[in-house]
Amino acid sequence: MSAHFNSSQNYVITPLIMVRDDKFELIDMIYTFDENLCAYSRKQDVAFQTITDGQPYAAIKVTVTDSTVLNGESCDDAPPKPESHEISVTYHWDEKASRYAKDSDALDKLAGENAKRF
Numbered sequence: 392m393s394a395h396f397n398s399s400q401n402y403v404i405t406p407l408i409m410v411r412d413d414k415f416e417l418i419d420m421i422y423t424f425d426e427n428l429c430a431y432s433r434k435q436d437v438a439f440q441t442i443t444d445g446q447p448y449a450a451i452k453v454t455v456t457d458s459t460v461l462n463g464e465s466c467d468d469a470p471p472k473p474e475s476h477e478i479s480v481t482y483h484w485d486e487k488a489s490r491y492a493k494d495s496d497a498l499d500k501l502a503g504e505n506a507k508r509f
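Structure, rendered in structure tokens:
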């Protein structure tokens with residue numbers, strides 16, 4: 392994991408890796424972004440789960456929980472509505488390509504949305 396922060400923002404890059412033939416192999420990079428502002432904080436937490444699916448390598452489900460929490464402070468700008476939602480992508484082993492393939496681009500879209508908030 393690699394992290395960098397500026398005053399109220401925290402940028403995190405989490406590599407998803409596997410071990411094959413005694414070497415580390417990158418599957419994907421997960422980009423998350425946290426921020427603490429006057430009236431609220433927004434946090435993105437990553438969780439991993441393996442799923443047995445009959446392939447040589449188990450499927451991997453990556454879930455990012457994106458939460459906005461009010462902190463009770465009174466500020467000039469109206470805070471967003473408090474909420475929490477999950478963004479999930481499952482990586483399945485692709486025998487023909489001999490690598491993991493993701494079932495959606497949801498985490499890529501999240502990374503793009505986060506980049507607009509910098």
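Counting from 392, one number per residue, gives the positions in the sequence shown under the numbering used here.
For every residue, glycine included, the Cβ atom is placed at its ideal position computed from N, Cα and C.
This structure is a prediction, so every number in the text was calculated from the model and none was measured.
- Exposed is the label assigned to Thr443, since fewer than 16 other Cβ atoms lie within 10 Å of its Cβ.
- The beta carbon of Glu474 lies closer than 6 Å to those of Thr459 in the same chain, with the five residues before and after it left out.
- For Lys452, the uninterrupted beta strand (DSSP E) run begins and ends at 450-461, by DSSP.
- DSSP, reduced to helix, strand and coil, places Leu428 outside both helices and strands of the structure shown, so it counts as coil.
- With respect to Ser479, Val437 sits apart: the two C-beta atoms are not nearer than 8 Å.
- By the Cβ neighbour-count rule, Gln440 is exposed, with fewer than 16 other Cβ atoms within 10 Å of its own.
- For Pro406, the beta-bridge partners assigned by DSSP are Met420.
- For Asp499, the enclosing alpha helix (DSSP H) begins and ends at 497-507.
- Going by C-alpha positions, Thr481 is about 8 Å away from Ala492.
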